[in-house]
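Enquirer: Here it is, the structure in full.
Chains as they are written, first to last, in our numbering: chain R, 6 to 296; chain D, 124 to 339.
Take a look at the structure:
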């Protein structure tokens, strides 16, 4: 990390100064938070009647339903986009020039198009009554193209010796791909693949705009249905609750990505050289912290 | 008969609004992103925590929810009378700033350690080291990722159409609802408009990259 290279280890004077800066900025941030909370309070967002509804089973069931709809859409979109991405990546790595070109055009086009514009087209032209499929197909086309690029760059990044060695022992192209290149590429690209899945998950909320009953739509429906309490609509409680649900979901997914990244980084270097036997014996008696 | 010539005024307004939205939110995102990146590497812990929280929250929130927060949440907090266009700029700018911050921070990490060490050893303070030595070099390596973030931003402006901003996406929706035109043709023209914008952005950034290229 360069973080600690940018400034010296502080001396007594700098430490005092940093403490002052720290106090001032902490105060400023706390002040900002306090101001926001004050505004929330003044505008009556903390009236309990605005929050009561979230205690009812009925409400919780509806939130759960919205969550399940979002997760179902995400599951479809993720599975289809991975399959579509694999197909496109195969086509882009093909030996036949027309296939390669066609795949390149498809990938570049869908990557350059705003996803929402695609979804508008699909929902107006094809899936006029099923917004879910407009959303799923739109997400598949866009994220599939991105996944294809991730797969392809993963395969391209492998050392050339891998495929050369495989061809040299007489494997056919399909065998080289499925047996040698793809397993390695998927392993090194897994973090990027998962962060693209996080993007897919976040983008399921675009369904809100085409009036598909996913999590966010359910949330807005709540806020609009509830009669305003003292002239205050229930938007802020809804956003706090639904925002946290999304953030937790995304953090969980990216947590998986980080965990995989750490694991593969560790094993990439190979196992650490075996320590001398005598030391290992000595450690075996203790808890063996070096493992 | 032709949808483009019939509704040229709509298309022009939508196109110009999309461009304006992209440029303004890009400016906001660049300024905020650089500031937050500076926070995240600063010697003051409170600022570092603030920067990390900002990035974590915004990167994991769907943009649609952020749009909802500025269009419904801010007025509920008493901030009334803002134009939806400026609210959209705010949402897009804040959202993209989190990604810009990460791009710049990874740029800072690629600057060789010796640069900062040399700057410190001739007595520069943190803000001098960062502002005059490290950041100018970091920005150069951060230009290509920032370019692709700008393209993503231009595409994300389409979401503003769901929140009463007249831009290309809204034009498409409105014309789709009008009967009589082929929906695919409308899509084609809208697609061309977006392609123009994204090609211009990627061209600009390629130019910038060549101009600022530096031999290390």
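Just so it is clear, CB atoms sit at the ideal spot from N, CA and C, and this is done for glycine as well.
Keep in mind it's a predicted model, so treat the numbers as computed, not measured.
(1) Is there contact between the region 81-94 of chain R and the region 147-157 of chain R, where contact requires at least three CB pairs shorter than 8 Å?
(2) Going by beta carbon distance, what residues of the same chain come within less than 6 Å of residue 140 of chain D, once the five residues before and after it are set aside?
(3) Would the region 238-256 of chain D count as touching the region 204-216 of chain D if we require 3 or more Cβ pairs under 8 Å?
(4) For residue 340 of chain D, report the span of its alpha helix (DSSP H) as first-last.
(5) Rounding to the nearest angstrom, what Cα-Cα distance links residue 108 of chain R and residue 136 of chain D in this structure?
(6) Can we say the region 215-231 of chain R touches the region 25-36 of chain R, given the rule of at least three CB pairs closer than 8 Å?
(7) Counting contacts by CB-CB distance shorter than 8 Å, is residue 177 of chain D in contact with chain R?
(8) If you reduce the DSSP assignment to three classes, tell me which class residue 234 of chain R lands in.
(9) State the Cα-Cα distance for the pair residue 134 of chain D and residue 186 of chain R, rounded to the nearest angstrom.
(10) Residue 70 of chain R to residue 310 of chain D, Cα distance in whole Å?
(11) Residues in the same chain with beta-carbon distance under 7 Å from residue 25 of chain R, minus the five sequence neighbours each way, listed in chain order, please.
(12) Beta carbons nearer than 7 Å to chain R: which residues of the region 309-330 of chain D have them?
(13) Would you say residue 214 of chain R lies against chain D (beta-carbon separation less than 8 Å)?
(14) At the 8 Å Cβ level, is residue 194 of chain R part of the contact set with chain D, yes or no?
(15) Distance, Cα to Cα, residue 162 of chain D vs residue 329 of chain D?
(16) Residues of chain D with a CB under 8 Å from the CB of residue 248 of chain R: which are they?
(17) Compare the beta carbon distance of residue 200 of chain D and residue 44 of chain R with 8 Å and say whether it is the shorter of the two.
(18) Along the region 151-170 of chain D, where does the CB come closer than 7 Å to a CB of chain R? Name the residues.
(19) Taking 8 Å as the threshold (beta carbon to beta carbon), is residue 292 of chain D in contact with chain R?
(20) Measure the C-alpha to C-alpha separation of residue 265 of chain R and residue 195 of chain R and round it to an integer number of angstroms.
Expert: From the atom records:
(1) yes
(2) Within the second chain, the letter at position 17 stands for residue 140 of chain D. Taken in chain order, the residues that qualify are 289, 290.
(3) Too few Cβ pairs lie closer than 8 Å, so no.
(4) The structure shown has nothing for residue 340 of chain D, since chain D only spans 124 to 339.
(5) Your numbering for residue 108 of chain R matches position 103 in the first chain. Your numbering for residue 136 of chain D matches position 13 in the second chain. Cα-Cα distance, rounded: 34 Å.
(6) no
(7) For the purposes of this step, residue 177 of chain D is taken as residue 54 along the second chain, with counting starting at 1. Not an interface residue.
(8) In the first chain, the residue the question calls residue 234 of chain R occupies position 229. Of the three classes helix, strand and coil, the one that applies to residue 234 of chain R here is strand, per DSSP.
(9) Here residue 134 of chain D refers to the residue found at position 11 of the second chain. Here residue 186 of chain R refers to the residue found at position 181 of the first chain. Looking at the two C-alpha atoms, the distance is approximately 47 Å.
(10) As a working note, residue 70 of chain R is residue 65 in the first chain. As a working note, residue 310 of chain D is residue 187 in the second chain. Using only the alpha carbons, I get a separation of about 33 Å.
(11) Taking the first residue of the first chain as 1, we reach residue 25 of chain R at position 20. Cβ neighbours of residue 25 of chain R within its own chain (closer than 7 Å, five residues either side excluded): none.
(12) 310, 313, 314, 317, 318, 321
(13) Within the first chain, residue 214 of chain R is the residue found at index 209, counting from 1. So yes, residue 214 of chain R belongs to the interface.
(14) Looking up residue 194 of chain R in the first chain gives position 189. Not an interface residue.
(15) As a working mapping, residue 162 of chain D is identified with position 39 in the second chain. As a working mapping, residue 329 of chain D is identified with position 206 in the second chain. Distance from the CA atom of residue 162 of chain D to the CA atom of residue 329 of chain D, rounded to whole angstroms, is 28 Å.
(16) Against the first chain, residue 248 of chain R aligns to sequence position 243. 184, 188, 192, listed in chain order.
(17) Position 77 of the second chain holds residue 200 of chain D. Position 39 of the first chain holds residue 44 of chain R. Yes.
(18) 164, 166, 167, 168, 169, 170
(19) Here residue 292 of chain D refers to the residue found at position 169 of the second chain. Closer than 8 Å: yes.
(20) Here residue 265 of chain R refers to the residue found at position 260 when the first chain is read from its first residue. Here residue 195 of chain R refers to the residue found at position 190 when the first chain is read from its first residue. Looking at the two C-alpha atoms, the distance is approximately 7 Å.
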